[in-house]
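Below: one structure, written as structure tokens.
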Amino acid sequence: MTLEQLATGQCARIAQVEGDEPLRTRMFALGLRNGREVAVIRRARLGGPLQIRVGSTDLIVRRREARMIKLIEPAA
Amino acid sequence: MKRIALLGMPNTGKSTFFNRLTGAVARVGNWPGITVDLLAAKLLMGGDMVEVVDLPGIYNLHGYSEDELVVRHFLEKNPINLLVIVANATQLDRQLALVLQLKDLGLPMVLLLNMVDEAKRLGIQIEQHKLEQALDIPVATLSAKHGIGFPWARQLIERNLNDTLATAAAFSAFAGDDALEKRLEELVHDTVHVPVTLSDTITSRLDRLLLHPLLGLPLFFLAMYLMFQAIYTIGTPLQNAVEWLLGLLKQDAVAPLLAHASPVISSFLLEGIYNGVGTVLSFLPIIVLFFLFMGIVEDSGYLSRAAFLVDAFMSRLGLDGRSFVMQLMGFGCNVPALMGTRVMRSRGLRLLTMLIIPFSLCSARLQVFIFLTTAVFSPHMAPFVLFSLYCMSFFASFLTALLYRRRLANDEPLLLELPPYRFPTWRQMVMRGWHEAKGFVREAGGFILLGVVLVWFLTNVPFSVAPASAHTLAGRLATFMAPVFHPIGINDLMSIALLFGFVAKEVVIGALAVIYGTNEGALSGIIATHLNWIEAYSFMLFVLIYTPCLSAIAVLRQESKSWRFTALAVLWPLFLAWTVSFIFYQAATALVGS
Numbered sequence: 001m002t003l004e005q006l007a008t009g010q011c012a013r014i015a016q017v018e019g020d021e022p023l024r025t026r027m028f029a030l031g032l033r034n035g036r037e038v039a040v041i042r043r044a045r046l047g048g049p050l051q052i053r054v055g056s057t058d059l060i061v062r063r064r065e066a067r068m069i070k071l072i073e074p075a076a
Numbered sequence: 001m002k003r004i005a006l007l008g009m010p011n012t013g014k015s016t017f018f019n020r021l022t023g024a025v026a027r028v029g030n031w032p033g034i035t036v037d038l039l040a041a042k043l044l045m046g047g048d049m050v051e052v053v054d055l056p057g058i059y060n061l062h063g064y065s066e067d068e069l070v071v072r073h074f075l076e077k078n079p080i081n082l083l084v085i086v087a088n089a090t091q092l093d094r095q096l097a098l099v100l101q102l103k104d105l106g107l108p109m110v111l112l113l114n115m116v117d118e119a120k121r122l123g124i125q126i127e128q129h130k131l132e133q134a135l136d137i138p139v140a141t142l143s144a145k146h147g148i149g150f151p152w153a154r155q156l157i158e159r160n161l162n163d164t165l166a167t168a169a170a171f172s173a174f175a176g177d178d179a180l181e182k183r184l185e186e187l188v189h190d191t192v193h194v195p196v197t198l199s200d201t202i203t204s205r206l207d208r209l210l211l212h213p214l215l216g217l218p219l220f221f222l223a224m225y226l227m228f229q230a231i232y233t234i235g236t237p238l239q240n241a242v243e244w245l246l247g248l249l250k251q252d253a254v255a256p257l258l259a260h261a262s263p264v265i266s267s268f269l270l271e272g273i274y275n276g277v278g279t280v281l282s283f284l285p286i287i288v289l290f291f292l293f294m295g296i297v298e299d300s301g302y303l304s305r306a307a308f309l310v311d312a313f314m315s316r317l318g319l320d321g322r323s324f325v326m327q328l329m330g331f332g333c334n335v336p337a338l339m340g341t342r343v344m345r346s347r348g349l350r351l352l353t354m355l356i357i358p359f360s361l362c363s364a365r366l367q368v369f370i371f372l373t374t375a376v377f378s379p380h381m382a383p384f385v386l387f388s389l390y391c392m393s394f395f396a397s398f399l400t401a402l403l404y405r406r407r408l409a410n411d412e413p414l415l416l417e418l419p420p421y422r423f424p425t426w427r428q429m430v431m432r433g434w435h436e437a438k439g440f441v442r443e444a445g446g447f448i449l450l451g452v453v454l455v456w457f458l459t460n461v462p463f464s465v466a467p468a469s470a471h472t473l474a475g476r477l478a479t480f481m482a483p484v485f486h487p488i489g490i491n492d493l494m495s496i497a498l499l500f501g502f503v504a505k506e507v508v509i510g511a512l513a514v515i516y517g518t519n520e521g522a523l524s525g526i527i528a529t530h531l532n533w534i535e536a537y538s539f540m541l542f543v544l545i546y547t548p549c550l551s552a553i554a555v556l557r558q559e560s561k562s563w564r565f566t567a568l569a570v571l572w573p574l575f576l577a578w579t580v581s582f583i584f585y586q587a588a589t590a591l592v593g594s
């Protein structure tokens with residue numbers, strides 16, 4: 001499952017961050033790294049970006065980048 | 001002299017700390033090894049003159065982004081006595097990664113944990129002594145915005161400045177960060193305690209309203225409208241006041257002084273030099289006000305929210321929401337909007353935004369259009385004509401974005417922080433406006449003056465004939481260019497006015513009055529008899545799109561630091577303007593004629 005598929009209001013742990021080196025280092029610096037918990041706060045309409053929260057940081061990511069963040073399936 | 005460099009991630013309040021430390025004495029400077037301007041200030045610290053440099057905010061030292069390269073080159077080429085790292089105390093879980101990376105450089109450094117007031121409110125606890133021990137560098141906590149803890153932070157810098165020698169960074173020592181993740185986890189685990197649920201309820205509640213799926217966009221446009229109104233209802237009278245004062249000074253003080261000078265000299269000094277200086281000065285009130293309000297929108301955290309709201313549409317054009325905000329602000333005046341693109345750190349995105357802003361129908365062009373529409377069209381039709389020009393303005397900019405989105409590729413993904421809503425301080429905003437106004441005069445002033453003098457020269461040489469008449473250089477240029485302008489329905493006299501419009505678009509009407517040898521009051525009637533509606537509309541289309549005004553070009557160059565880009569930003573609109581006017585004029589004449 002990817003971050004893009006995570007339902008609004010849900011949170012899950014990051015399993016892996018894909019993409020090229022510059023993108024991954026940027027995501028790392030913003031707190032998006034393996035094992036961290038990430039939550040989707042809201043989605044912009046018409047295919048717009050997601051607002052996510054990781055630690056004490058809120059971020060906006062486009063859906064394309066959100067697809068590069070693989071998640072561990074949350075336990076039901 | 002000793003030198004201190006200030007470094008930190010974006011949104012750490014680093015610039016706020018810089019302003020508090022250095023006051024209003026900071027100025028832009030050039031540095032070996034880098035091409036962008038950095039703010040720097042000299043001040044007395046512990047008996048020594050110290051130069052403090054504010055480096056751009058960066059996320060890491062890898063050098064993938066332009067700012068990261070700037071920091072690397074600066075630290076390699078310029079020895080410093082102390083590196084002051086500013087970190088946001090509420091986000092140490094990730095910001096300490098940068099501190100760990102910087103430690104590998106072997107520079108003398110201290111760490112300042114800023115925004116402790118926010119961290120406290122969120123219930124985040126930081127074990128300062130443990131952190132000092134683990135990192136082996138001195139640490140101080142403060143709130144740069146409110147000044148809490150500031151004296152101690154300053155003392156810490158002074159103490160650590162005394163016994164260190166200037167060192168240039170060795171990036172060869174910076175290999176990679178395979179172990180960084182683990183080191184960071186351990187460090188954060190040992191020194192920072194974050195409560196399970198963060199409770200910034202005010203921001204969450206505001207976001208629920210301002211980012212609402214249905215209400216978010218209307219509220220965004222309302223906010224933009226109010227800001228626009230605030231800037232220009234205060235700014236335009238101020239601008240007029242400056243112009244009025246300059247006019248008064250010219251008429252009562254400067255002109256009598258030159259009464260005995262030869263007409264050529266007096267015309268050169270009054271119409272050339274004095275008007276050029278006046279053009280520069282008249283922009284200052286708008287620039288200061290723009291950055292005052294832009295400061296509120298940016299520092300409050302709303303600009304990133306705007307990006308969230310309109311990104312779905314703008315990303316298709318290769319732009320982002322911040323580009324849209326600047327484009328809207330350009331409808332007042334292109335000059336400050338172009339300067340405002342500095343918030344975008346990706347060069348491709350910034351240049352693309354700077355390319356579309358000049359198409360925004362600014363208030364100077366509006367004056368020309370209102371005059372011409374009321375002169376040529378019926379009161380019933382005039383509003384529709386004006387509205388169509390606004391549509392054209394958006395069309396030209398979106399078309400340009402679509403055409404150039406690949407060449408000015410936006411290489412950076414949209415990964416923006418949404419900081420909690422904050423109230424910026426007046427001090428911050430006023431200083432920002434002051435800096436920008438100073439920078440504009442220094443960077444763009446000379447260029448604008450030169451352009452005004454050039455146009456004066458073209459419209460006054462040879463001195464034996466009437467200024468701006470068909471026998472001047474400008475007139476001959478117009479005759480020469482006639483094959484280009486006739487197919488779009490613009491006669492020689494009108495095309496001389498376009499040359500004046502290059503200096504400042506609002507001058508077009510005044511220029512037309514001079515060219516037709518009449519006053520502005522009677523001009524309306526003359527225009528109505530000389531131009532049919534197709535010619536008038538074609539002329540307006542051309543004025544809307546053709547080349548940005550001289551001041552805008554000066555700022556385009558100031559901000560892009562590239563003559564090639566500046567040339568593109570002048571030539572592409574000229575070409576587009578001609579094409580649009582040509583299609584309209586030929587189609588309309590063919591339809592009406594047949």
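So the sequence lines, in the order shown, correspond to chains A and B.
Under our numbering, the residues of the first sequence are numbered 1 to 76, in order.
Under our numbering, the residues of the second sequence are numbered 1 to 594, in order.
By construction, the Cβ of each residue, glycine as well, lies at the ideal position given by its N, Cα and C atoms.
None of these values were measured; they are calculated from a predicted model.
Identify each residue in the segment 296-308 of chain B for which the Cβ-Cβ distance to at least one residue of chain A is less than 9 Å, and report them in chain order. S304, R305, A307 and F308
Excluding the 5 residues preceding and the 5 following B/N19 in the sequence, name in chain order all residues of the same chain whose CB lies nearer than 6 Å to its CB. Here residue 19 of chain B refers to the residue found at position 19 when the second sequence is read from its first residue. The residues are M431.
What residues of chain A sit near B/H62, judged by a beta carbon separation below 7 Å? The residue given as residue 62 of chain B occupies position 62 in the second sequence. Result: T25.
Check whether chain A comes within 8 Å of B/Y59, counting only Cβ atoms and requiring the distance to be less than that. Within the second sequence, the letter at position 59 stands for residue 59 of chain B. For B/Y59, the answer is yes, since a Cβ of chain A falls inside 8 Å of its Cβ.
Measuring alpha carbon to alpha carbon, tell me which residue in B/V555, B/M1 and B/F463 is nearest B/I287. Along the second sequence, read from residue 1 onward, the residue named residue 287 of chain B stands at position 287. Residue B/V555 is the option with its Cα nearest to B/I287.
Assign B/H193 to one of two classes, buried (16 or more other C-beta atoms within 10 Å of its C-beta) or exposed (fewer than that). Position 193 of the second sequence holds residue 193 of chain B. Answer is exposed; the Cβ neighbour count stays below 16.
Would you say B/P213 lies against chain A (beta-carbon separation less than 8 Å)? Position 213 of the second sequence holds residue 213 of chain B. At least one chain A Cβ lies under 8 Å of B/P213.
Look at the alpha carbon of B/T547 and the alpha carbon of B/P573, and state the distance between them as a whole number of angstroms. Within the second sequence, residue 547 of chain B is the residue found at index 547, counting from 1. Within the second sequence, residue 573 of chain B is the residue found at index 573, counting from 1. Rounded to the nearest angstrom, the two C-alpha atoms are 5 Å apart.
Hey, would you say B/D320 sits closer than 8 Å to B/L349, going by beta carbons? For the purposes of this step, residue 320 of chain B is identified with residue 320 of the second sequence, where counting begins at 1. For the purposes of this step, residue 349 of chain B is identified with residue 349 of the second sequence, where counting begins at 1. For B/D320 and B/L349, yes; Cβs fall inside 8 Å.
Less than 8 Å between the CB atoms is what I'm expecting for B/L416 and B/A569, so what's the real figure, rounded? Position 416 of the second sequence holds residue 416 of chain B. Position 569 of the second sequence holds residue 569 of chain B. Not quite, the Cβ-Cβ distance comes to about 26 Å (not below 8 Å), so this is no contact.
So with CB distances below 8 Å, who are the chain A contacts of B/A97? Taking the first residue of the second sequence as position 1, residue 97 of chain B is located at position 97. Those are F28 and A29, listed as they occur along chain A.
Could you name the residues of the segment 530-556 of chain B whose beta carbon sits closer than 9 Å to any beta carbon of chain A, in the order they occur along the chain? none
Alpha carbon to alpha carbon, how far is B/M326 from B/H435? The sequence position of residue 326 of chain B within the second sequence is 326, counting from 1. The sequence position of residue 435 of chain B within the second sequence is 435, counting from 1. Approximately 19 Å between the Cα atoms of the pair.
Apart from the five residues just before and just after B/S15, which ones in its own chain have a Cβ nearer than 7 Å to its Cβ? In the second sequence, residue 15 of chain B corresponds to position 15, counting from 1. D54, listed in sequence order.
State the start and end residues of the unbroken beta strand (DSSP E) segment that holds B/K42. For this step, residue 42 of chain B is matched to residue 42 along the second sequence. Per DSSP, B/K42 belongs to the beta strand (DSSP E) from L38 to M45.
By DSSP's criteria, B/N114 is part of a beta bridge. Which residues make up the other side? Here residue 114 of chain B corresponds to residue number 114 of the second sequence, with the count starting at 1. In DSSP, B/N114 forms a bridge with B/N88.
Any beta carbon of chain B sitting closer than 8 Å to that of A/T57? If you number the first sequence from 1, residue 57 of chain A lands on position 57. It does; some Cβ of chain B falls within 8 Å.
Mapping the DSSP letters down to three states, classify B/I490 as helix, strand or coil. The sequence position of residue 490 of chain B within the second sequence is 490, counting from 1. B/I490 falls in the coil class under three-state DSSP.
Tell me, to the nearest whole angstrom, how far the beta carbon of B/W578 is from that of B/I488; I am working on the premise that it is less than 8 Å. Walking along the second sequence from the start, residue 578 of chain B turns up at place 578. Walking along the second sequence from the start, residue 488 of chain B turns up at place 488. Correct: roughly 6 Å between the Cβ atoms.
So, does the segment 45-64 of chain B touch the segment 59-70 of chain A, judging by three or more C-beta pairs under 8 Å? no
So with CB distances below 8 Å, who are the chain B contacts of A/A7? Looking up residue 7 of chain A in the first sequence gives position 7. Residues of chain B passing the Cβ test: none, with the nearest at roughly 16 Å.
Grouping DSSP H, G and I as helix and E and B as strand, with all else coil, what is B/T141? Here residue 141 of chain B corresponds to residue number 141 of the second sequence, with the count starting at 1. Three-state DSSP puts B/T141 in a strand.
Measure the C-alpha to C-alpha separation of A/L71 and B/A307 and round it to an integer number of angstroms. Here the question's residue 71 of chain A lines up with position 71 in the first sequence. Here the question's residue 307 of chain B lines up with position 307 in the second sequence. Roughly 26 Å separates the two Cα atoms.
Determine whether the beta carbon atoms of B/V52 and B/T22 lie at a separation below 8 Å. For the purposes of this step, residue 52 of chain B is taken as residue 52 along the second sequence, with counting starting at 1. For the purposes of this step, residue 22 of chain B is taken as residue 22 along the second sequence, with counting starting at 1. The answer is yes: Cβ separation under 8 Å.
Indicate whether the contact test is met: 3 or more Cβ pairs, each with one atom in the segment 201-221 of chain B and one in the segment 265-279 of chain B, closer than 8 Å. no
Along the beta strand (DSSP E) that carries B/E51, what are the first and last residues, could you check? Numbered from 1 along the second sequence, position 51 holds the residue referred to as residue 51 of chain B. That run of the beta strand (DSSP E) goes D48 to D54.
Unbroken alpha helix (DSSP H) runs of length 4 or more, entirely within the segment 338-413 of chain B: which are they? 347-356, 363-376 and 382-404
What does B/V192 pair with, by DSSP beta-bridge criteria? Against the second sequence, residue 192 of chain B aligns to sequence position 192. Its beta-bridge partners are B/I126.
Classify B/E417 as helix, strand or coil using the three-state DSSP reduction. The sequence position of residue 417 of chain B within the second sequence is 417, counting from 1. Looking at B/E417 - three-state DSSP - the assignment turns out to be strand.
Which of helix, strand or coil DSSP assigns to A/E73: On the first sequence, residue 73 of chain A is found 73 positions in, with the first residue counted as 1. Three-state DSSP puts A/E73 in coil, outside helix and strand.
Checking 8 Å against the spacing of the C-beta atoms, do B/F369 and B/L389 come in under that value? Locating residue 369 of chain B in the second sequence gives position 369, where the first residue counts as 1. Locating residue 389 of chain B in the second sequence gives position 389, where the first residue counts as 1. It is a contact, given that the beta carbons lie within the stated cut-off.
Using a Cβ cut-off of 8 Å, pull out every chain A residue sitting near B/L194, in sequence order please. For this step, residue 194 of chain B is matched to residue 194 along the second sequence. Correcting the residue identity first, residue 194 of chain B is Val in this sequence and not Leu. Chain A residues near B/V194: G55 and S56.
Figure out for me which residue from B/L215, B/P420, B/L338 and B/L6 has the closest Cα to the Cα of B/I202. Start at 1 with the first residue of the second sequence, and residue 202 of chain B comes out as number 202. Of the candidates B/L215, B/P420, B/L338 and B/L6, the one whose C-alpha sits nearest the C-alpha of B/I202 is B/P420.
Backbone secondary structure at A/D58 - three-state DSSP: Residue 58 of chain A sits at position 58 when you count from the first residue of the first sequence. Reduced to three states, the DSSP call for A/D58 is strand.
List the residues of chain B whose Cβ lies closer than 8 Å to the Cβ of A/V61, in chain order. Counting from one through the first sequence, the residue named residue 61 of chain A turns up at place 61. Result: P413, L414 and L415.
What residues of chain A sit near B/E181, judged by a beta carbon separation below 7 Å? On the second sequence, residue 181 of chain B is found 181 positions in, with the first residue counted as 1. The answer, in chain order, is R33.
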